[in-house]
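Below: the structure, in structure tokens.
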Amino acid sequence: DTEVTQTPKHLVMGMTNKKSLKCEQHMGHRAMYWYKQKAKKPPELMFVYSYEKLSINESVPSRFSPECPNSSLLNLHLHALQPEDSALYLCASSQDGGPSYEQYFGPGTRLTVT
Amino acid sequence: AQRVTQPEKLLSVFKGAPVELKCNYSYSGSPELFWYVQYSRQRLQLLLRHISRESIKGFTADLNKGETSFHLKKPFAQEEDSAMYYCALANNAGNMLTFGGGTRLMVKP
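Quick look at the structure:
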């Protein structure tokens, strides 16, 4: 299995809701990433997990809470989001955090906050 | 701080014409550069990385440290090359990938 999967594909949530995005890979990768991509913009790094530990948090607001339950799974818990958080959320994984390792991207979850 | 600049948002060429997508970077360390591509309705995927010195789908890119550039080139564009292309820079630890703004390549028949 050489794919990164993400669920759900689409999510619509109100500003008072709590929801979670899920990402899964079975390639034995030890680094996993969350990116946010607004329309017609490049992906922007949010979080990096390396060997199941959070190694980078790019000053992301606390209403986004990542979790890495095991080496294959990465979650992004959402709470009290704002309409401006509407975007495509991409998950990626790589063999580890080494610079030459390719990042494999999932298809993304398109989030709409109403 | 690391920064990647792709000056062209859109590049339109005819089939068979040469293509050059420009990428300039700013980074104080030793750069690791990549080109990622996103075809219509497909996920973002790696096209090539400078360290491999490969030619993928006829594309090549040479790292020019003097000009801090990593331009993507193909001598004869094909319609199936139409896609969004992102240049990306990894930090020395390899855990931070910074993308340029992207260039949409349109290859007309």
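Going down the list, the protein sequences come from chains A and B. Take 5 as the starting number for the first sequence in my numbering and just add one per residue. Take 418 as the starting number for the second sequence in my numbering and just add one per residue. We put the CB at the ideal spot given by N, CA and C, even for glycine.
Using a Cβ-Cβ cut-off of 7 Å (strictly less than) and excluding sequence neighbours within five positions of residue i, which residues of its own chain qualify?
i: A/Met-19; result: Ala-84, Leu-85, Gln-86 and Val-117
i: B/Tyr-502; result: Leu-438, Trp-452, Val-454, Leu-489, Gly-519, Thr-520 and Leu-522
i: A/Pro-12; result: Thr-113
i: A/Lys-16; result: In the sequence on display, residue 16 of chain A carries Val and not Lys. So the list reads Thr-116 and Thr-118, once near-sequence residues are dropped.
Excluding the 5 residues flanking residue i on each side, which residues of the same chain have their C-beta closer than 6 Å to its C-beta?
i: A/Asn-79; result: Ser-24, Lys-26 and Glu-71
i: B/Phe-431; result: Lys-525
i: B/Gly-433; result: Phe-493
i: B/Leu-461; result: Tyr-453 and Gln-455
i: A/Lys-42; result: Ala-91
Would you mind giving the Cβ-Cβ distance between residue i and residue j, rounded to the nearest angstrom? I have them listed as a contact below 8 Å.
i: A/Glu-28; j: A/Thr-9; result: 5 Å
i: B/Val-436; j: B/Ala-494; result: 5 Å
i: A/Tyr-37; j: A/Ala-91; result: Actually they are not in contact, since the Cβ atoms of A/Tyr-37 and A/Ala-91 sit about 15 Å apart, beyond 8 Å.
Please work out which residues of its chain come closer than 8 Å, Cβ to Cβ, to residue i, disregarding the five sequence neighbours upstream and downstream, and give them in chain order.
i: A/Tyr-105; result: Ala-35, Ser-98 and Gln-99
i: A/Glu-62; result: Glu-48, Leu-49, Met-50 and Phe-51
Give the interface partners of residue i over in chain A, defined as CB-CB distance under 9 Å, in chain order.
i: B/Phe-493; result: Residues of chain A passing the Cβ test: none, with the nearest at roughly 26 Å.
i: B/Arg-420; result: Simply none; closest approach about 12 Å.
i: B/Cys-519; result: Here the sequence assigns Gly to residue 519 of chain B, which means Cys is not the residue at that position. Those are Lys-44, Lys-45 and Pro-46, listed as they occur along chain A.
What span of residues does the beta strand (DSSP E) with residue i cover, start to end?
i: A/Ala-91; result: 91-98
i: A/Val-8; result: 8-11
i: A/His-81; result: 77-83
i: B/Tyr-444; result: B/Tyr-444 -> no beta strand (DSSP E), and no H or E assigned at all.
Using the beta-carbon of each residue, which ones in chain B are nearer than 8 Å to residue i?
i: A/Leu-15; result: Neighbours of A/Leu-15 on chain B: none; closest Cβ ~18 Å, over 8 Å.
What does residue i reach in chain A if we use C-beta pairs closer than 7 Å?
i: B/Phe-516; result: Pro-46 and Pro-47
Point to revise | Interface positions of the segment 462-490 of chain B facing chain A (Cβ-Cβ less than 9 Å), listed along the chain | key: Gln-462, Leu-463, Arg-466, Ile-468 and Ser-469
**Study point:** Short-range partners of chain A found in the segment 499-514 of chain B, where Cβ spacing is below 8 Å
**Key:** Tyr-503, Ala-507, Asn-508, Asn-509, Ala-510, Gly-511, Asn-512, Met-513 and Leu-514
Point to revise | Interface residues of the segment 70-92 of chain A facing chain B [CB-CB below 8 Å] | key: Flagged: no residues at all.
Exercise for review: Residues of the segment 52-65 of chain A with a CB closer than 9 Å to any CB of chain B: list them in chain order, please.
Suggested key: Val-52, Ser-54, Ser-59, Ile-60 and Glu-62
Check your understanding: Of all the residues that make up the segment 18-38 of chain A, which are near chain B by a beta-carbon distance shorter than 7 Å?
Key -> Ala-35
Practice item. Check distances from the C-beta atoms of the segment 95-115 of chain A to those of chain B and list, in chain order, the residues that come in under 9 Å. Key: Residues of the segment 95-115 of chain A whose Cβ lies closer than 9 Å to any Cβ of chain B, in chain order: Ala-96, Ser-98, Asp-100, Gly-101, Gly-102, Pro-103, Ser-104, Tyr-105, Glu-106, Gln-107, Tyr-108, Phe-109, Gly-110, Pro-111 and Gly-112.
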